[in-house]
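J.: Under my numbering, the residues of the first sequence are numbered 41 to 247, in order. Glycine included, C-beta positions come from ideal geometry on N, C-alpha and C.
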Amino acid sequence: MLIGARLIREGVDGVRAGKIVEVEAYIGVDDGASHARFGRTKRNARMFGPPGNAYVYLVYGMYHCLNVVTDSEDRPAALLVRSVQPLEGADLMRRARTELVELRSGRDIARTARARQRVIALPDAALASGPGLVCAAFSIDRHDDGVDLCDPASPLRLEAAPRGEAPPDLAWGPRIGIGYAVEPWRSRPWRVWAVGNGSVSGKAASR
DNA sequence: GCAAAGATTTGCT
DNA sequence: GCAAATCTTTGCC
């Protein structure tokens with residue numbers, strides 16, 4: 041179970057850590073919503089790799105998404121990490137988010153200033169509440185594609201929740217942003233989140 | 001070789 | 001509530 045596990049980024053600036061509170065599953069070449077539905081390509085090659093590796097890709101030209109490969113080689117399956125609840129290094133996450141803002145706002149100085157101010161004012165819980173935001177907050181991009189997230193020596197890695205920590209109550213529903221997929225894949229309830237957690241992305245907070 | 005759309009987020013109408 | 005920003009990948013000519 042990935043929900044409740046820790047996502048950790050160690051850098052020269054310090055450590056960022058958070059609890060995973062929302063994921064989506066993309067399973068097999070049959071899944072009409074998965075990148076693997078067209079078979080193996082240059083972009084999705086990591087989905088066909090060994091489990092525990094990261095599959096990172098760029099969407100909409102500006103946001104990265106982090107996936108954890110979950111099945112054995114040649115069986116493409118992955119969990120998209122949609123939301124993380126910050127536990128440590130929130131200041132570093134906020135700074136990383138600010139850098140993304142400047143990239144996105146272009147050279148409109150006034151707009152950039154407003155956007156940066158808005159990021160600075162964000163509560164910690166909102167720093168990684170979305171798949172693109174997780175990668176922004178943890179400075180994840182495609183050079184992290186293929187890293188072994190289960191290697192304790194990796195600067196970007198996963199760790200199990202501490203022993204004794206109560207597992208969160210879970211809810212599930214249809215995946216987000218896959219309206220292009222046909223049934224039954226579009227409605228398959230393969231998005232799972234921690235009930236009532238303030239870091240779950242947007243509309244997903246329901247129930 | 002070119003057009004179209006995407007596992008998103010933000011800001012304006 | 002809708003469109004923009006932006007670029008990689010897919011799909012068709």
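Okay, do the region 93-106 and the region 183-196 touch, 3+ Cβ pairs below 8 Å being the bar?
T.: Touching, per the Cβ criterion.
J.: So, with DSSP's three-state summary, where would you put Ala153?
T.: Walking along the first sequence from the start, residue 153 turns up at place 113. Here Ala153 sits in helix by DSSP.
J.: If I'm right that Ala45 touches Leu196 with Cβ under 8 Å, what's the distance once you round it to whole angstroms?
T.: As a position in the first sequence, residue 45 is number 5, starting the count at 1. As a position in the first sequence, residue 196 is number 156, starting the count at 1. Actually they do not touch by this definition, with Cβ atoms about 13 Å apart.
J.: By the 10 Å Cβ neighbour count, where 16 or more other Cβ atoms means buried, how is Val55 classified, buried or exposed?
T.: Your numbering for residue 55 matches position 15 in the first sequence. Exposed, by the Cβ-count rule.
J.: With DSSP collapsed to three states, give me the class of Arg203.
T.: Position 163 of the first sequence, counted from the start, is the residue given in the question as residue 203. Three-state DSSP puts Arg203 in coil, outside helix and strand.
J.: Hey, would you say Gly58 sits closer than 8 Å to Ala193, going by beta carbons?
T.: As a working mapping, residue 58 is identified with position 18 in the first sequence. As a working mapping, residue 193 is identified with position 153 in the first sequence. Cβ atoms of Gly58 and Ala193: not closer than 8 Å.
J.: Is DSSP giving Ser246 helix, strand or coil here?
T.: Counting from one through the first sequence, the residue named residue 246 turns up at place 206. Because Ser246 sits at a pLDDT of 48, beneath the cut-off of 50, its placement in the model cannot be relied upon, and the following sentence gives the value as read from the coordinates. Here Ser246 sits in coil by DSSP.
J.: Flag this pair as yes or no: are the beta carbons of Ala177 and Ala136 separated by less than 8 Å?
T.: Locating residue 177 in the first sequence gives position 137, counting from the first residue. Locating residue 136 in the first sequence gives position 96, counting from the first residue. It is a contact, given that the beta carbons lie within the stated cut-off.
J.: May I have the straight-line CA-CA distance separating Gly170 from Glu113, to the nearest angstrom?
T.: Your numbering for residue 170 matches position 130 in the first sequence. Your numbering for residue 113 matches position 73 in the first sequence. Taking the straight line joining both Cα atoms gives about 28 Å.
J.: How many Å lie between Asp209 and Asp148 at the Cα?
T.: If you number the first sequence from 1, residue 209 lands on position 169. If you number the first sequence from 1, residue 148 lands on position 108. Computed Cα separation, rounded: 44 Å.
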